[in-house]
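Protein chains in written order, with this note's numbering: chain Y, 196 to 420; chain G, 196 to 420.
For every residue, glycine included, the Cβ atom is placed at its ideal position computed from N, Cα and C.
2 protein chains.
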Amino acid sequence: MFARIIAATPHPNWLSDLGMTSRPEPLVSVSEFTHKKGTEIYGEEEPAEYVYQVKTGAVRSYKLLSDGRRQIGAFHLAGDIFGLENSGAHRFTAEAIVDTTVRLIRRQSLELVAASSAVVSKNLLSVTTRDLQHAEDHMLLLGRKTALERVAAFLLEMDKRLTAAGVMTLPMSRLDIADYLGIRLETVARALSQLRGAGVLDFIGNNQREIVLRDRVRLASFDLA
Amino acid sequence: MFARIIAATPHPNWLSDLGMTSRPEPLVSVSEFTHKKGTEIYGEEEPAEYVYQVKTGAVRSYKLLSDGRRQIGAFHLAGDIFGLENSGAHRFTAEAIVDTTVRLIRRQSLELVAASSAVVSKNLLSVTTRDLQHAEDHMLLLGRKTALERVAAFLLEMDKRLTAAGVMTLPMSRLDIADYLGIRLETVARALSQLRGAGVLDFIGNNQREIVLRDRVRLASFDLA
DNA sequence: CGGGGGCTTGAGGCCACTCAACGATAGTGG
DNA sequence: CCACTATCGTTGAGTGGCCTCAAGCCCCCG
Numbered sequence: 196m197f198a199r200i201i202a203a204t205p206h207p208n209w210l211s212d213l214g215m216t217s218r219p220e221p222l223v224s225v226s227e228f229t230h231k232k233g234t235e236i237y238g239e240e241e242p243a244e245y246v247y248q249v250k251t252g253a254v255r256s257y258k259l260l261s262d263g264r265r266q267i268g269a270f271h272l273a274g275d276i277f278g279l280e281n282s283g284a285h286r287f288t289a290e291a292i293v294d295t296t297v298r299l300i301r302r303q304s305l306e307l308v309a310a311s312s313a314v315v316s317k318n319l320l321s322v323t324t325r326d327l328q329h330a331e332d333h334m335l336l337l338g339r340k341t342a343l344e345r346v347a348a349f350l351l352e353m354d355k356r357l358t359a360a361g362v363m364t365l366p367m368s369r370l371d372i373a374d375y376l377g378i379r380l381e382t383v384a385r386a387l388s389q390l391r392g393a394g395v396l397d398f399i400g401n402n403q404r405e406i407v408l409r410d411r412v413r414l415a416s417f418d419l420a
Numbered sequence: 196m197f198a199r200i201i202a203a204t205p206h207p208n209w210l211s212d213l214g215m216t217s218r219p220e221p222l223v224s225v226s227e228f229t230h231k232k233g234t235e236i237y238g239e240e241e242p243a244e245y246v247y248q249v250k251t252g253a254v255r256s257y258k259l260l261s262d263g264r265r266q267i268g269a270f271h272l273a274g275d276i277f278g279l280e281n282s283g284a285h286r287f288t289a290e291a292i293v294d295t296t297v298r299l300i301r302r303q304s305l306e307l308v309a310a311s312s313a314v315v316s317k318n319l320l321s322v323t324t325r326d327l328q329h330a331e332d333h334m335l336l337l338g339r340k341t342a343l344e345r346v347a348a349f350l351l352e353m354d355k356r357l358t359a360a361g362v363m364t365l366p367m368s369r370l371d372i373a374d375y376l377g378i379r380l381e382t383v384a385r386a387l388s389q390l391r392g393a394g395v396l397d398f399i400g401n402n403q404r405e406i407v408l409r410d411r412v413r414l415a416s417f418d419l420a
């Protein structure tokens with residue numbers, strides 16, 4: 196599965212994200228791997244051998260119903276850690292949305308370090324808590340918000356995470372957004388058109404995935420606290 | 196707030212749930228408190244001073260939108276631990292659904308023990324992971340399932356958790372169920388009627404909260420894997 | 001016995017879904 | 001370089017599942 200290991204040099208960022216800042220950790224080796232657009236990184240129910248961090252690119256984590264309905268639980272962007280499982284198996288399928296390079300580390304070696312380092316185990320809890328918090332907020336969105344509110348919330352979330360130079364470049368398709376927000380892709384398109392018509396945002400150039408937010412305050416008023 | 200501390204004797208179950216089985220733990224003291232039906236245990240955004248476990252009764256955890264829409268994230272039944280926050284503040288409001296007795300422990304003292312005990316900190320992670328898993332499954336339900344599927348899934352979940360002698364006694368109202376499933380209470384009632392008409396379940400006596408499942412297999416076929 | 005809360009059921013309306021057509025863009029191969 | 005094709009996004013028209021509003025029942029409780 197991990198046929199080509201692009202690089203096997205330990206990466207400081209990875210370690211610092213888990214709280215192992217100063218000392219060199221001989222037990223932990225970090226590798227890198229690049230997944231092509233649209234390919235699976237791991238599948239739901241698969242044994243969780245690795246923990247991942249996005250170096251470049253974007254990843255979607257989702258669950259499927261037996262008839263094909265899909266719910267995306269999270270998008271993972273540069274810097275995000277994903278695939279961290281306490282039980283032994285992955286609970287989502289993870290796919291590269293675009294060509295994506297990930298850092299990876301054996302779950303086993305991470306647990307080994309965590310067992311002896313209070314700092315590391317505390318950071319594992321911290322990462323899990325962040326995921327939990329996001330899931331809890333998303334339950335509120337999925338259970339109680341209107342389509343327009345969902346799209347507005349999505350734009351604000353992405354704005355915080357990937358806006359550079361005033362422009363937000365979405366890596367994911369309308370279908371991905373729809374399956375994240377629990378609505379249909381046509382509904383996403385209609386909501387975006389409505390927000391564009393209201394002067395809240397604009398598309399840049401000929402690519403519909405480049406968005407500039409003209410009025411974040413008014414956009415926020417379409418969502419609710 | 197905790198005016199009457201009913202009992203201050205450490206309870207073995209609480210400790211064992213967090214992995215402190217054998218040794219006496221002088222740092223941790225467990226108290227009990229009883230909340231009357233409908234009263235708040237803690238509010239969203241409040242500093243998290245205690246961690247709780249349901250001894251008897253039932254609790255709902257929910258978030259509100261500013262216009263009053265409510266999303267219940269979880270029901271906590273006998274034995275369940277809730278209110279465990281890694282950050283310092285509660286992310287839900289918790290209310291007693293019926294008269295409820297909880298065991299409680301200071302968050303601070305728990306963290307103190309966790310810092311020195313790998314077993315305890317591992318169990319904190321384990322509890323958090325269980326919550327995360329539930330939230331992830333619930334996102335799929337809220338984002339992608341039909342009303343009938345949601346109610347079927349709810350009945351199967353509750354069946355696992357509180358069926359005694361073939362009868363399931365729901366502590367929560369139709370409105371609570373609706374706000375848990377992201378639908379309206381009328382829709383819950385209609386789905387239950389439909390399932391009753393299909394012979395999958397029956398109400399017992401004159402109380403509509405006592406339900407007996409006549410055909411779990413067929414009920415499961417209304418939900419989806 | 002009157003009042004209120006919880007539940008069910010009916011009738012009508014609306015928001016999001018379904019189905020469909022169309023335009024634009026990127027990638028492919030002749 | 002230019003069809004050719006596939007993919008993605010937008011928009012329109014009509015449908016339907018769930019929501020809204022309302023009435024009525026049952027049971028508990030004062």
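- Boundaries of the beta strand (DSSP E) around Gln248/Y: Tyr245 to Thr251.
- For the stretch 388-402 of chain G, the set of positions with a beta-carbon nearer than 7 angstroms to some beta-carbon of chain Y is empty.
- The criterion of a C-beta distance shorter than 8 angstroms is not satisfied by Lys258/Y and Gln248/Y.
- With respect to chain G, the C-beta atom of Thr364/Y has no partner C-beta closer than 8 angstroms.
- Close to Ala289/G, with beta-carbon spacing below 7 angstroms, lies no residue of chain Y; the smallest spacing is near 13 angstroms.
- Uninterrupted beta strand (DSSP E) stretches at least 3 residues long and entirely within the stretch 326-381 of chain Y occur at 362-364, given in chain order.
- Bridge pairing for Gln266/Y: Lys258/Y [DSSP].
- Nearest Cα to Ala243/Y within the set Glu306/Y, Ala269/Y and His230/Y: Glu306/Y.
- The Cβ atoms of Arg339/Y and Leu260/G sit closer than 8 angstroms to each other.
- Taking C-beta separations shorter than 6 angstroms and ignoring five residues to either side along the sequence, the partners of Ile276/Y in its chain run Gln248 and Val322, following chain order.
- Counting only unbroken stretches of 4 or more residues, the alpha helix (DSSP H) elements lying wholly within the stretch 267-317 of chain G are 302-311, in sequence order.
- Along the stretch 369-382 of chain Y, going in chain order, the ones with a CB nearer than 7 angstroms to a CB of chain G are Gly377.
- Val314/Y counts as exposed, since fewer than 16 other C-beta atoms from the protein chains shown sit within 10 angstroms of its C-beta.
- Ser388/G carries a helical assignment under DSSP once its states are collapsed to helix, strand and coil.
- Going by C-alpha positions, Arg255/G is about 14 angstroms away from Glu331/Y.
- Apart from the 5 residues on each side of it in sequence, Leu370/G sits with its Cβ closer than 7 angstroms to the Cβ of Leu380 in its chain, given in chain order.
- For Leu408/Y, the uninterrupted beta strand (DSSP E) segment begins and ends at Glu405 to Leu408.
- Contact between Leu343/G and Ala284/G is ruled out by a C-beta separation of about 37 angstroms, above the 8 angstroms threshold.
- By the neighbour-count criterion, in which 16 or more other beta carbons inside 10 Å mark a residue as buried, Ser416/G falls on the exposed side.
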